[in-house]
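J.:
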Amino acid sequence: MTDRPTVITVAITGALPTKKDNPAVPVTPDEQIESTHEAFEAGAALAHIHVRGPNQEPSSDPELFERVGEGIRKHCPGMIVQYSTGGRGRDQAQRGAMLSLRPDMASLATGSVNFPNSIYENPPEFVEGLAREMLANDVKPEIEVFDVAMLYNAAALVKKGLLKGPAHVQFVMGIPNALPARRTLLEFLISEMNEVLPGATWTGAGIGRHQFEVNKWCLELGGHCRTGLEDNVKAARDRLAASNAELVSMVAEAAGEYGRRPATPQEAREILGLAPA
Ligand code: ZN
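So that you can map any letter, position 197 of the sequence shown is 217 in the working numbering, and since no number is skipped, the others follow by simple counting.
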């Protein structure tokens with residue numbers, strides 16, 4: 021039997037981590053392209069991108085997204101580019117501003133949830149508006165499930181014709197006030213997903229110290245994996261890994277123990293139903 025491919029996502033930057041938290045967090049477009057390239061060589065097939073302004077603050081500037089996306093396409097042949105529509109406060113008009121650049125994918129949280137010190141606000145009208153824009157620009161959403169209701173909300177979007185099946189879902193576990201990192205919960209979510217979103221593919225993301233544990237559950241349960249400094253900025257302090265590439269290597273190396281291997285970009289595109297690069 022040959023090993024089954026797993027799509028490794030690298031979330032290189034995120035909305036919150038700064039150089040102060042970890043000097044390896046890439047914040048300028050050049051740093052982001054270089055960090056993605058190293059992660060690509062380590063086995064990542066999908067890059068999840070936030071961009072930052074001049075003071076490392078989260079930005080919605082489509083020009084920055086375009087520079088990073090172009091650099092990745094040039095240096096990482098075939099790698100899937102996914103732009104984040106989250107992590108930029110409450111200005112909803114800005115959050116989808118870069119969808120017209122037509123990245124391969126964009127994140128779509130299908131509900132609101134409490135984060136450690138804030139509310140991540142995604143009201144119904146806004147979710148539908150973003151879904152419509154993604155559909156119009158031929159951008160495949162990654163449904164971000166931060167709380168259980170979001171899974172069923174995604175199924176409702178399919179019914180309304182705002183989300184094409186098969187969907188791709190990401191279960192985010194380990195954020196205080198949101199879903200805990202519990203394997204029983206992940207197994208429940210997968211079984212519910214299989215019922216309400218038939219044929220869907222899925223990734224699990226563990227936040228902070230849960231990252232590698234969730235990676236291993238995903239490898240074992242047949243899912244795809246997400247790692248990167250966005251979710252685990254203290255990896256260096258905890259002597260786990262000092263860069264995005266090292267975090268990707270940990271997943272790539274663990275994969276074999278579960279009969280898995282990193283998907284190539286081409287395989288990742290087939291698995292997620294995306295057009296060839
Ligand atoms: Zn993100």
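A virtual CB, placed ideally from N, CA and C, is assigned to each residue, including glycine.
#1: Which whole runs of the beta strand (DSSP E) in the region 246-296 are 3 residues long or more, in chain order?
#2: Hey, is Ser-104 close to ligand 1, as in C-beta under 6 Å from one of its heavy atoms?
#3: So Pro-123 and Gly-89 are supposed to be a Cβ contact under 8 Å. How far apart are they, rounded?
#4: With a cut-off of 8 Å on the beta carbons, I'd call Ala-151 and Leu-128 a contact; round off their distance for me.
#5: Starting from Val-47, follow the beta strand (DSSP E) in both directions and report where the run begins and ends.
#6: Consider the C-beta atom of Glu-250 and the heavy atoms of ligand 1; say whether any pair is separated by less than 6 Å.
#7: Can you tell which of Ala-35, Pro-25, Asp-23 and Asn-42 has the C-alpha that lies nearest to the C-alpha of Ser-263?
#8: Does DSSP put Asn-235 in a helix, in a strand, or in coil?
#9: Any idea if Glu-273 is buried or exposed, counting beta-carbon neighbours within 10 angstroms, 16 or more meaning buried?
#10: I'd like to confirm something about Gly-34: is its beta-carbon nearer than 6 Å to some heavy atom of ligand 1, or not?
#11: Looking at the structure shown, is Val-178 part of a helix, part of a strand, or coil, going by DSSP?
#12: Span of the beta strand (DSSP E) holding Thr-223?
#13: So if DSSP puts Phe-191 in a beta bridge, which residue, or which two residues, is it bridged to?
#14: Using CA atoms only, rank isn't needed, just tell me which of Gly-276, Val-30, His-68 and Glu-250 is closest to Lys-39.
#15: Short check: CB of Asn-252 to CB of Gln-231, under 7 Å?
#16: Helix, strand or coil for His-68, going by three-state DSSP, please let me know.
#17: As a quick exercise: from Asp-23, Ala-265 and Ser-211, pick the residue whose alpha carbon is nearest that of Ala-67.
#18: So, using beta-carbon positions, are Ile-32 and Thr-56 closer together than 7 Å?
#19: Hey, Ala-64 and Val-189: beta-carbon distance below 7 Å or not?
#20: For Arg-122, name the three-state secondary structure that DSSP assigns.
#21: I'd like to confirm the pairing. Which residues does DSSP put opposite Ser-127 in its beta bridges?
#22: Measure the beta-carbon distance from His-70 to Ala-35 and round it to whole angstroms, keeping in mind my assumption that it falls under 8 Å.
T.: For this structure:
#1: Runs of the beta strand (DSSP E) inside the region 246-296: 280-282.
#2: As a first step, residue 104 is located in the sequence shown; it is residue number 84 there, counting from the start. At least one heavy atom of ligand 1 is nearer than 6 Å to the Cβ of Ser-104, so yes.
#3: The residue labelled residue 123 in the question sits at position 103 within the sequence shown. The residue labelled residue 89 in the question sits at position 69 within the sequence shown. Beta-carbon to beta-carbon, Pro-123 and Gly-89 are separated by about 6 Å, close enough to satisfy the 8 Å threshold.
#4: Translated into positions along the sequence shown, residue 151 becomes position 131. Translated into positions along the sequence shown, residue 128 becomes position 108. 6 Å between Cβ atoms; contact.
#5: Residue mapping note: residue 47 aligns to position 27 of the sequence shown, counting from 1. Premise fails: Val-47 is in no beta strand (DSSP E) and is neither H nor E.
#6: Your numbering for residue 250 matches position 230 in the sequence shown. Under cutoff, so the answer is yes.
#7: Position 243 of the sequence shown, counted from the start, is the residue given in the question as residue 263. Among Ala-35, Pro-25, Asp-23 and Asn-42, the Cα nearest to that of Ser-263 belongs to Asn-42.
#8: The sequence position of residue 235 within the sequence shown is 215, counting from 1. Helix at Asn-235.
#9: Stepping through the sequence shown from its first residue, residue 273 is reached at position 253. Under a 10 Å Cβ-count criterion, Glu-273 is classified as exposed, with fewer than 16 other Cβ atoms of the shown protein chains found around its own Cβ.
#10: As a working note, residue 34 is residue 14 in the sequence shown. In this structure, ligand 1 has a non-hydrogen atom nearer than 6 Å to the beta-carbon of Gly-34.
#11: Counted from its first residue, the sequence shown places residue 178 at position 158. Three-state result, Val-178: helix.
#12: Walking along the sequence shown from the start, residue 223 turns up at place 203. For Thr-223, the enclosing beta strand (DSSP E) covers residues 221-226.
#13: The residue given as residue 191 occupies position 171 in the sequence shown. For Phe-191, the beta-bridge partners assigned by DSSP are Val-165 and Gly-224.
#14: Working through the sequence shown from its first residue, we reach residue 39 at position 19. It is Glu-250.
#15: Reading the sequence shown from its first residue, position 232 is the one you call residue 252. Reading the sequence shown from its first residue, position 211 is the one you call residue 231. The Cβ atoms of Asn-252 and Gln-231 lie closer than 7 Å to each other.
#16: For the purposes of this step, residue 68 is identified with residue 48 of the sequence shown, where counting begins at 1. Reduced to three states, the DSSP call for His-68 is strand.
#17: In the sequence shown, counting from the first residue as 1, residue 67 sits at position 47. Each of Asp-23, Ala-265 and Ser-211 was checked against the Cα of Ala-67, and the nearest Cα belongs to Ala-265.
#18: Residue numbering aside, residue 32 sits at position 12 when the sequence shown is read from its first letter. Residue numbering aside, residue 56 sits at position 36 when the sequence shown is read from its first letter. Against a cut-off of 7 Å, the Cβ pair of Thr-56 and Ile-32 comes out as a contact.
#19: Numbered from 1 along the sequence shown, position 44 holds the residue referred to as residue 64. Numbered from 1 along the sequence shown, position 169 holds the residue referred to as residue 189. Between Ala-64 and Val-189, the C-beta gap is not smaller than 7 Å, which leaves the two residues out of contact.
#20: Taking the first residue of the sequence shown as 1, we reach residue 122 at position 102. For Arg-122, the secondary structure class from DSSP, reduced to helix, strand or coil, is coil.
#21: Stepping through the sequence shown from its first residue, residue 127 is reached at position 107. In DSSP, Ser-127 forms a bridge with Glu-162.
#22: Sequence index remark: in the sequence shown, residue 70 carries index 50 (1-based). Sequence index remark: in the sequence shown, residue 35 carries index 15 (1-based). Rounded, the Cβ-Cβ distance is 5 Å, consistent with contact.
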